[in-house]
């Protein structure tokens, strides 16, 4: 079954603290779902583009996610890599909240 | 009884690199002790205050000891001042570049970067090369053929360890690498861990470092005195001994090719002076398991996971009582290593080779 452009339910909005991140695995892929300090939700690929490390184990500081292994930093709103040791941007995904649920659009 | 052992190739482009990949040891998943997410987030939080305080104390101590060395230059009284100055310059800098390379010393990015470049110069490390080299060390800690920071490849070389005591090996290597990088070239090994987009930075930094060292030598020639080099340059050599003493205690004698930092890293209780110079890297197991926890939060992380880890060493002497006989034995039996005892309810993620376990 294809998930292109499908909205997939991730979790309840309250499951993610403000300025924090949650790991979401779906269809053999892993994603990171963020809740920013200003209470907006975002989603990116779940693995750091430098090494095979789950970003959901890292630290969210304002709009930056820091990889827990090597201090690689990304702006999770845009996926932009913010300098060594990460050189490749993260893929981002549309997110919406409906009826208290966080949904991610994969495709 | 001696263990059957084939001498291994510790280079990053030899057969051991391919062997590590075949065994699933490259960029692998490592064991992590359980720490509740909320607690870990608190531990990872960044602050400027502790590192600003420690850096001001460090710079002030450098200024006072350096001024004493200059004042008493020409008499024996300068020796104790340069002894202290050398340790602060050549050894304390080693822990500073390290913590700043992780971006955990300060909350403010430019403070991390500023102290990183200064401390790298003091330790004779090229900033961009070392940043990538150290990232690899954390990805593949003590994995033969992958980790470029293995201090004592087996069988250990006493000559290399002696040279390291005064950073002589690093010094000689730096002359070669600065010349090579200033000319715009990298070795094949360096290309395995430094991405191409960073190469130009390496070349520019090498030229700056060369210019700084030439300036120090020129000042010595112009003033007809060794004193300028005693303040900048030489303390990287005569003050490096304590960082080697600390560095050996981190991993030497423990298992290779395991995916569990509890088996290849030591945590050692140390006195406050050592912890200041070393910036708490005596909590080395904890640092490797959670490298984004700042140095000032490592004692708290140690408390949080100590029940899931082998017993820490009570002091540096106790660690060396294990390390020295191990290194001596590895000279004739390179397969031998210290197998750390894990708490009974936990298990290692991956055990070392069966052959190596026969200790």
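Chains as they are written, first to last, in full-length UniProt numbering: chain A, 1 to 107; chain B, 1 to 359. Beta carbons are placed, not taken as given, at the ideal position from N, Cα and C, and that holds for glycine.
When secondary structure is reduced to three states using DSSP, residue 45 of chain B falls in the coil class, being assigned neither helix nor strand. The beta carbon of residue 20 of chain A is closer than 8 Å to those of 34, 35 and 60 in its chain, skipping five residues each way along the sequence.
Chain B has a Cβ within less than 7 Å of the Cβ of residue 51 of chain A.
Scanning the region 163-189 of chain B from its first residue to its last, no whole beta strand (DSSP E) run of 3-plus residues comes out.
Cβ neighbours of residue 65 of chain B within its own chain (closer than 7 Å, five residues either side excluded): 81, 84, 85 and 88.
Residues are counted here when their Cβ sits less than 7 Å from a Cβ of chain A; for the region 128-154 of chain B these are 131, 132, 135, 138 and 139, given in chain order. Residue nearest to residue 38 of chain B within the set A/58, A/97, A/42 and A/99 is A/58 (criterion: CA-CA distance). Membership of residue 10 of chain A in the beta strand (DSSP E) is indicated by the continuous run 6-12. With contacts defined as CB atoms closer than 7 Å, residue 210 of chain B and residue 163 of chain B fail to qualify as a contacting pair. Straight-line measurement puts the Cα of residue 68 of chain A at about 7 Å from the Cα of residue 290 of chain B.
Take residue 182 of chain B, set aside five residues on each side of it, and the residues of its chain with a beta-carbon closer than 8 Å to its own are 203, 206, 207 and 210, in chain order. Shown in chain order are the members of the region 76-105 of chain A whose Cβ falls below 7 Å from a Cβ of chain B: 84, 85 and 87.
Secondary structure note for residue 104 of chain A: its beta strand (DSSP E) is the uninterrupted segment 101-106. Ranked by Cα distance from residue 294 of chain B, the first of B/26, B/230, B/40 and B/123 is B/40. Neighbourhood of residue 197 of chain B in chain A, by CB distance below 7 Å: 87, in chain order. For residue 126 of chain B, the closest of B/72, B/200, B/7 and B/34 by C-alpha to C-alpha distance is B/200. Contact between residue 254 of chain B and residue 340 of chain B holds, since their C-beta atoms are separated by about 7 Å, short of 8 Å. Look at residue 141 of chain B here: in three-state DSSP terms it is coil, with no helix or strand label.
Beta-bridge analysis with DSSP links residue 80 of chain A to A/75. Assignment of beta-bridge partners to residue 29 of chain A by DSSP yields A/26. Looking at B/216, B/272, B/296 and B/250, the one whose alpha-carbon comes closest to that of residue 313 of chain B is B/250. Cα atoms of residue 76 of chain B and residue 226 of chain B: separation of roughly 15 Å, rounded to the nearest angstrom.
At least one C-beta of chain A is nearer than 7 Å to the C-beta of residue 103 of chain B.
Below the 7 Å Cβ cutoff, chain B contributes 41, 44 and 292 as neighbours of residue 59 of chain A, in chain order.
Between the C-alpha atoms of residue 268 of chain B and residue 299 of chain B there is a straight-line separation of about 11 Å.
The residue from B/98, B/129 and B/278 with its alpha-carbon nearest to that of residue 197 of chain B is B/129.
At a cut-off of 7 Å between beta-carbon atoms, residue 95 of chain B makes no contact with chain A. For residue 28 of chain A, there are no C-beta contacts with chain B under 9 Å, since the nearest C-beta of that chain is about 16 Å from it. Here residue 138 of chain B is buried: its Cβ has 16 or more other Cβ atoms, across all protein chains shown, within 10 Å. For a Cβ distance threshold of 7 Å, nothing in chain B lies close to residue 18 of chain A: the least Cβ distance comes to about 12 Å. For residue 70 of chain A, the chain B residues whose Cβ falls inside 7 Å of its Cβ are 135 and 138, in order along the chain.
For residue 265 of chain B, no chain A residue has a Cβ inside 9 Å of its Cβ, as the nearest lies near 15 Å away. Residue state for residue 128 of chain B is assigned as helix, using DSSP reduced to three classes. Between residue 8 of chain B and residue 144 of chain B, the CB-CB gap stays under 7 Å.
Neighbours of residue 157 of chain B in chain A, taken as residues whose beta carbon is under 9 Å from its own, are absent, since the nearest beta carbon is some 30 Å off.
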